[in-house]
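Below: the structure, in structure tokens.
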């Protein structure tokens, strides 16, 4: 069973309900009952009209509104009524609700937001895409192991190749935290992780690694920059094609092929942001997701739970000796 | 007069010599005389066969090889025989030669590598693109003022809009150094700088600012990521067009328009990386630059010198009260 928060999507709770129905997955749907008529079959509706907006300070909002749909959905996971959490609302609120009610996986310093980059033909997982803004070496090491476990479980990759984002391929390139993380990752040994070394900005779209690890600041800037650059280039291509009559005629002939491309580059198709490092998986669909986008997010959460992503993550961290020791913890565990 | 280092370009010293000739600028050309026959007119040739490769540790190589072409070219600027420095070789070696022989501008903490992003229609200056890997708030403030002075001088912008790269628009978003830099930039007042606040990754290609400021690690990753993403998207467009006979026919009709687009997105056309914060301007043409790319770099250096970029930078820093005080300096000044 997947717990789904229906509030927060640009298309409204109706669209999320439709996506939940299409997924074919057993769903507990938390949202305004009045706007989700006709939920039946595999979708069970729980009336939870209150949402948490993007503008709110997430941790505070989650504490202040225990009845908010995303908080109720997180509690359903914590209680064992559901195995995974999906929201099309705020990533921050979903993360905060997950942290407070589902909790961090034992030994994890800090959860990370992971995103499948829309690279045609070969999905590449980028993390952290913005759960934090700075990362210590031990955070980066855990991100690497968490990302590898996810790509192994949910995407069936036998030995996901993991790269560390830096400003050069050499081990000594980058800020001190990156250099130290490189040293630790290289020291894990191939049994624990297939570490391919540093990857540069240009490698993120080139398929050099299946998982690319960075701090949340760089990851957030990189993700939005990729989207912006792709949008700008596609727009420039469209503008160039329309710039003259001969080329506009050619444009009619290439239109079909280019629309297929648009789907490949569409963040909706990939399933959303994945929160790793909690006691169960959470997926945040793109706020502008279509019903199919929501459906893909629900199915991804279901598959990740079936493939025991969280258990594999715990085993990976333990095998690599990368668990946070209780003594160094500041709160929770 | 512009001092040009002819070693290090992928196309060899011949190509750099040809670029220098095409620029129509008075040039002192440092390189292997045997490979640059026929230099005459406005190009004066100085035999300097030794180059510094990309693999060398720049500071060490510059000290160890005083006869290297880039070192001789930097000395020509220091001696007053030339007003600006151009190289198509290693950015690191050019920066090191500039630091040792030309020197930092008084009151500058650290020079920055600035790059004009190939955004169609509106050049956006990104800095630092990799002179350093970490940046303190005072560095980011100086980058903002240096970038604004350059865009004012070399691109004729009356009041360049300056943005600070972060993971959200709000002033409190980002790592501590970014939050503090935001506070200081906002406090400078509109007379000193047109600060538009934080810009996100997606804004870099959207023309929201004329100058975008970040640390050298993020800037390096962002620049290479933009290039990689543009390459991937253009490749995907090409592949999609070739995927069927109708669309391939259409492809023949749009080819002319798309080749114009390629020029707009071509880093060669923009002129190279610009080193800001030295006592004179230095430009590093892309290693794979064409002769026209080298020529554009030489003309950019000439124009920046004519427009007194360095003097304007010094005035900007002084007016904003952002000069490094002698007491906090660690060496030189």
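Protein chains in written order, with the working numbering: chain A, 1 to 333; chain B, 1 to 333.
Where is the CB? At the ideal position from N, CA and C, for every residue including glycine.
Find out if the Cβ-Cβ distance for the pair residue i, residue j is shorter than 8 angstroms.
i	j	result
residue 211 of chain A	residue 99 of chain A	no
residue 312 of chain B	residue 149 of chain B	yes
residue 49 of chain A	residue 32 of chain A	yes
residue 21 of chain A	residue 43 of chain A	yes
residue 52 of chain B	residue 68 of chain B	yes
residue 298 of chain B	residue 8 of chain B	no
residue 162 of chain B	residue 233 of chain B	no
residue 94 of chain B	residue 70 of chain B	yes
residue 89 of chain B	residue 10 of chain B	no
residue 127 of chain A	residue 108 of chain A	no
residue 3 of chain A	residue 97 of chain A	no
residue 101 of chain B	residue 74 of chain B	yes
residue 85 of chain B	residue 247 of chain B	no
residue 257 of chain B	residue 243 of chain A	yes
residue 252 of chain A	residue 237 of chain B	no
residue 167 of chain A	residue 167 of chain B	no
residue 205 of chain A	residue 115 of chain A	no
residue 198 of chain B	residue 224 of chain B	no
residue 182 of chain B	residue 164 of chain B	yes
residue 196 of chain A	residue 184 of chain A	no
Going by other Cβ atoms of all chains shown within 10 Å of its Cβ, with 16 needed for buried, is residue i buried or exposed?
i	result
residue 54 of chain A	exposed
residue 288 of chain B	exposed
residue 215 of chain B	buried
residue 64 of chain A	exposed
residue 320 of chain B	buried
residue 176 of chain B	exposed
residue 200 of chain A	buried
residue 276 of chain B	buried
residue 79 of chain A	exposed
residue 295 of chain B	buried
residue 306 of chain B	exposed
residue 129 of chain B	buried
residue 315 of chain B	exposed
residue 132 of chain B	buried
residue 37 of chain B	exposed
residue 190 of chain B	exposed
residue 245 of chain B	exposed
residue 57 of chain B	exposed
residue 302 of chain A	buried
residue 152 of chain A	buried
residue 318 of chain A	exposed
residue 169 of chain A	exposed
residue 194 of chain A	buried
residue 285 of chain B	buried
residue 228 of chain A	buried
residue 122 of chain A	exposed
residue 159 of chain B	exposed
residue 156 of chain A	exposed
Name the DSSP beta bridge partners of residue i, please?
i	result
residue 274 of chain B	B:114, B:283
residue 87 of chain A	A:5, A:284
For chain D, find out if any of its Cβ atoms is closer than 8 angstroms to the Cβ of residue i; answer yes or no.
i	result
residue 232 of chain A	No chain D appears in this structure, whose protein chains are A and B.
For residue i, is the beta carbon positioned less than 7 angstroms from some heavy atom of the ligand NAD?
i	result
residue 109 of chain A	Among the components modelled here there is no ligand, and therefore nothing to report on the ligand NAD.
Which of the residues in the stretch 235-249 of chain A, read from start to end, lie with their CB under 7 angstroms from any CB of chain B?
236, 237, 240, 241, 243, 244, 246, 247, 249
Taking beta-carbon pairs under 7 angstroms, can you tell me which members of the stretch 168-185 of chain A lie near chain B?
174, 175
Kindly provide the ranges of any alpha helix (DSSP H) runs that are 4 or more residues long and lie completely inside the stretch 25-79 of chain B, ordered along the chain.
Listed in chain order, they are 58-64, 69-78.
Which runs of the beta strand (DSSP E) spanning at least 3 residues fall entirely within the stretch 182-251 of chain B, listed in chain order?
194-199, 211-213
Below 9 angstroms between beta carbons is the criterion; list the residues of the stretch 199-230 of chain B that meet it against any residue of chain A, in chain order.
Taking 9 angstroms as the cut-off between beta carbons, the residues of the stretch 199-230 of chain B near chain A are 200, 201, 202, 203, 204, 205, 206, 214, 215, 216, 217, 218, 219, 220, 221, 222, 223, 224, 225, 226, 227, 228, 229, 230, in sequence order.
Sequence ranges, beta strand (DSSP E) only - wholly within the stretch 92-170 of chain B, length at least 3
112-117, 124-127, 161-165
Residues in the stretch 127-152 of chain A with C-beta within 8 angstroms of chain B's C-beta atoms, listed in sequence order?
130, 133, 134
Going along the chain, which residues of the stretch 109-126 of chain B sit with their C-beta nearer than 8 angstroms to a C-beta in chain A?
119, 120
Could you please tell me which residues of the stretch 85-107 of chain B, in chain order, have their CB closer than 9 angstroms to any CB of chain A?
Cβ contacts with chain A come from no residue of the stretch 85-107 of chain B.
Under 7 angstroms (Cβ pairs) to chain A, residues found in the stretch 268-288 of chain B:
none
According to a CB-to-CB cut-off of less than 7 angstroms, which residues of the stretch 10-42 of chain A neighbour chain B?
none
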